[in-house]
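**Q** Note that the sequence shown covers residues 636 to 1061 in our numbering.
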Amino acid sequence: MNKFPENFLWGSAVSGHQIEGNNEHSDWWHWELATEGQQTSGKAVDHWNRFEEDHDLLVEMGHEAFRFGLEWARIEPRRGEFDSAAIDQYRRMLQSLRDRGIKVCLTLHHWVLPQWVSEQNDWRNPDTVEQFLRYVDFAVQEFAEFPDLWITLNEPMVASLAGNLSGDFPPQRRSIFACRQVSRNMLRAHAGAYRIIHQHCPEARVGLAMAYPHLEGWGTPGPEGWYERLAVWFGKKVVYEAWDRSLETGRFHPLFGWGVVDGLRDSIDFCGINYYFRMTPRFSLRHPRSGFLDPAALPEGVETNDFQWQIWPEGIRHIIDEVWNRFRKPIFITENGIADRDDSKRGAYIVNHLHQLHQAIQEGIPVEGYFHWSFIDNFEWKEGFEMKFGLVEVDLEDPDLARRPRPSAGLYSRIIRNRGPLETDA
Ligand code: BGC
C-alpha cells in the first residue's frame, strides 16, 4: 500500500459562487443574466443555506480539510458597505467546520468580483487593488482565527486570460494590453494580501492556487515538430511560468511589463497546484485561427473526461517537480478532479494521481495535502451545470436538492481512512 505520511491533509475543494447560490451582487451573476444562451448559477446547490448538511457529509466522508472561498460581492455588495448578515453567515460556516474538526483552506478571491468593481473597469483599474486590499484587511480581521491555510487568489492567470484575451469569461475583452494590465494588478493584489494576512496573523500559511496544465508537443517529425515545441515553450510562459517567475523575482515578467512589485518576492509560504489535464497541441493547417495548432489533438488510446480533457496522471508529477525545483516550498494540491457524469472514471483518476503524489513524497518532495475538486456538483462557469465534478451528486431538478455521494466518494473515504490507496484500488 502507498501509505501517506500521518500529517498529510486529505480534503476537497469548492468555491463560493459555484455552490452557494444567489451571489446577486457579483459580476458573474450580472453577466450570466445578460448573456444569451448562458445558464445562470441561480441557487446552485444552495450551499449558502445547506452548509451544515454539507459539513456533516464531509465528516461522514472522513475529510480532514475543506477548501472554500469567501465572495467579496457578498461581503461588500456596495463600495464601502460591508454586509453584516453575510459576514455572520461566513462566520457560522467557519465555526461549523471547526466544530466538526475540519481544517480550513480559505480562498479570498476565486475569479468573481462585486458588480461595482466590474463597473469601475475591474482589475484594469489600479483602484481595484486598493479596494481589494481593504476587503482583505476586513476579512482577515474578521476571520483570522479560523483558516489553517490561506489562498489569496485562485488561478489569476485563468481570470486574466479568459476575461481579457480569449473573451470567454466576463468582461469578455480581447486585448493583450488589458490582459497585461490585469495580470500586473492581480500580482500587486496578491503581494498586498500576503502582507496583510501576515500582519494580522504572523504564523499564517499563505499561498496562491495556480493553474498548471501539463503541456507537451504532439511530436510531429520535422519542422512542424519544432513549431509544436516552440508553441509549448511559449504556452507555458503565458499560462504559468511568467507568473511563477514574477513571484520568484519580485519583478514583473517581461510578458507583463517592467518594474518591481513591493512585497511580491517570496510572497508564498506554500505552493498551491491546481492540476487537471495534459494538452498536446498538434501542427495543423486546418487551424489557422489558433496559430496552425490543434489544441485539442488527442493521441490514440488516451482517456478523456467529459470535457475531452486528457487524463494524464504523470503530468501532476512533472508539475510537482517543476514547482518544487523553482520554489523549494511545501506543496498542496489545491485542486485535482474530473468532469465525469457517470462516475465511471473518477475513482481511477483519484488513485492514479495519488500514486504520483506518493512517489514524489517518497523522493523527498514535501507534498503536504490533497484537495479533490470538487466536493459537490457545481456551477462550472461558462458550461453551466452540465459538467459534473462532484464527489457528491446533486440533481438540480429535485426540489430538495438531495445530496448523494457517488461511488468514488466512498472510495476516496476509504483511501483517507487507510491513508493511501490499496494496491487493489489501482
Ligand atoms: C477552477 C474551478 C473549476 C475547475 C474545473 C479550475 O480551474 O479553479 O473553479 O471549476 O477548474 O474546470
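Backbone N, C-alpha and C define an ideal beta-carbon position, used for all residues, glycine too. Just so it is clear, the structure is predicted and the values come from calculations on it, not from any experiment.
Cα-Cα, which of Ser661, Pro856, Thr1059 is closest to Arg713?
**A** For the residues Ser661, Pro856, Thr1059, the minimum Cα distance to Arg713 belongs to Ser661.
**Q** Would DSSP call Ile710 helix, strand or coil?
**A** helix
**Q** For Glu780, tell me which candidate among Tyr770, Gln766, Pro837 has the shortest Cα-Cα distance.
**A** Pro837
**Q** What's the C-alpha gap between Pro1056 and Ala974?
**A** 21 Å
**Q** With DSSP run on the structure shown, which of helix, strand or coil describes Tyr911?
**A** coil
**Q** Roughly how many angstroms separate the alpha carbons of Asn789 and Cys906, rounded to a whole number?
**A** Cα atoms of Asn789 and Cys906: separation of roughly 12 Å, rounded to the nearest angstrom.
**Q** Which whole-angstrom value is the C-beta distance of Ile737 and Glu699, which I expect to be below 8 Å?
**A** 7 Å
**Q** What separation, rounded to the nearest whole angstrom, lies between the Cα atoms of Asn799 and Val752?
**A** 15 Å
**Q** Helix or strand or just coil, what does DSSP make of Trp645?
**A** strand
**Q** In its own chain, which residues sit with a C-beta less than 8 Å from the C-beta of Arg815, not counting the 5 before and 5 after it?
**A** Beyond the five residues adjoining it in sequence on each side, Arg815 comes within less than 8 Å, by CB distance, of Leu890, Phe891, Gly892 in the same chain, given in chain order.
**Q** Between Met696 and Tyr984, how many whole angstroms is the CB-CB distance? I'm expecting something under 8 Å.
**A** No, Met696 and Tyr984 are not in contact; Cβ-Cβ is about 17 Å, not under 8 Å.
**Q** Among all the DSSP beta bridges, which residues are the ones paired with Asp929?
**A** Arg917
**Q** Does DSSP put Asn789 in a helix, a strand or coil?
**A** strand
**Q** Where do the ends of the alpha helix (DSSP H) carrying Trp878 lie?
**A** 877-884
**Q** Can you tell me the Cβ-Cβ gap for Ala846 and Val874, rounded? I've got them flagged as a contact below 8 Å.
**A** Ala846 to Val874, Cβ: 7 Å. Contact.
**Q** What does the alpha-carbon distance come out to for the pair Ser676 and Pro856?
**A** 46 Å
**Q** Quick check on the DSSP output: what are the complete beta strand (DSSP E) runs of length 3 or more inside the region 826-902, in order along the chain?
**A** 841-846
**Q** Under DSSP, the beta strand (DSSP E) around Thr969 begins and ends at which residues?
**A** 966-970
**Q** Take every Cβ of the region 948-966, pair it with every Cβ of the region 997-1007, and state whether three or more of those distances are shorter than 8 Å.
**A** yes
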